[in-house]
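In terms of our numbering, the sequence shown is residues 15 to 249. A short worksheet on the structure shown next.
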Amino acid sequence: NYSKDFLSLSAMFSIATLNGNTYKLRVKNGWIAPSVFWFAILGEPGTIKTHPVSMMTQPLSNIDKYNKLLFDSQNTEYEMMGEKEKRGLKKPRFKQTLISDYTLEALHGVHEFNKRGIGLYKDELIGFLNDMNKYRKGSDEQFWLESFNNKSYIVNRATKEPLYIDNVNINIIGTIQPSELNKMIMNYEGNGLIDRFLYSAAEKDIYPLSRKEISIEWIEWWNKTIENNNNFFKY
């Protein structure tokens, strides 16, 4: 009962996130197109929006799970070293790909370390929009508007060293209900934010649950394909 459109958008999101800044399309001289997509999956409650996204982004979560275990191991080793042994060594960091719950400052730090690019999966996009400018009016919105263009971004902070993110590459996917989309259009009309999203709407009819199953072999193939190619897409 999954929408083929929702599955397709989720697959595009996962592959684009994995690619990040590794490969870009040269449309013409001076016109380079990165793989940056913002997807909004539109549907009424009960149109099965979340499940196809979760299924297709699971390999990215698996990559993060592996990298977190690797970080924990390396960090434990590092903390056990003496001060002399630590000299010349950098403190281990967690290389994260998929973000869901974040502050903008934390997101900057994640992307500064994972220069290839990251993916933002927000189950309810209205939450992403409501959190915008929550603490710094105008600043968050400006960052997101600029980030879509894959340009460099400098974060200047009073108490820490500045961060330089070269070629900001953040893909976004999330779900939203039509009534919430209307509010979003009213609040952000005219600044270009809503125009950056690609929308896919579910059919209005909600069909009975099918007895057919997705092949386990296909799900395993999808997971292995994405996870194995994590080492192919470098930056």
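The beta-carbon is built from N, C-alpha and C at its ideal position, and this holds for glycine as well.
Between the region 195–209 and the region 89–108, do at least 3 Cβ pairs fall closer than 8 Å?
These segments do not touch.
What are the boundary residues of the beta strand (DSSP E) that includes Val-41?
First-last of the beta strand (DSSP E) with Val-41: 39–42.
Using only the alpha-carbon positions, how far apart do Ile-62 and Asn-196 sit?
So the alpha carbons of these two residues sit roughly 20 Å apart.
Whole angstroms are fine: how far does the CA of Lys-100 sit from the CA of Ser-68?
Roughly 40 Å between the two C-alpha positions.
Would you identify the three-state DSSP class for Lys-136, choosing helix, strand or coil?
Three-state DSSP puts Lys-136 in a strand.
What residue does the alpha helix (DSSP H) around Lys-202 start on, and which one ends it?
Correcting the residue type first, residue 202 is Tyr in the shown sequence and not Lys. Element bounds for Tyr-202: 192–202.
Under 8 Å between the Cβ atoms of Arg-130 and Phe-247?
Yes, these two residues count as a Cβ contact at 8 Å.
Return the bridge partner residues of Trp-232 from the DSSP annotation.
DSSP output for Trp-232 lists no bridge partner at all.
Pop quiz: Ile-132 and Thr-117 are said to be a contact at Cβ under 8 Å. What is the actual Cβ separation, rounded to whole angstroms?
Ile-132 to Thr-117, Cβ: 14 Å. No contact.
Can you have a look at Tyr-80 and say buried or exposed, based on whether 16 or more other CB atoms are within 10 angstroms of its CB?
Classification for Tyr-80: exposed.
Given Asn-76, which residues of its chain have a CB within under 7 Å of its CB, disregarding the five upstream and five downstream residues?
Once the five neighbours on either side are set aside, the close Cβ partners of Asn-76 are Asn-237, Glu-241.
Using DSSP bridges, identify the partner residues of Ser-214.
For Ser-214, which the question treats as bridged, DSSP gives the partners Ile-55.
Going by CA-CA distance only, name the one from Leu-103, Ile-187, Leu-139 that's closest to Ser-24.
For Ser-24, the nearest C-alpha among the options comes from Ile-187.
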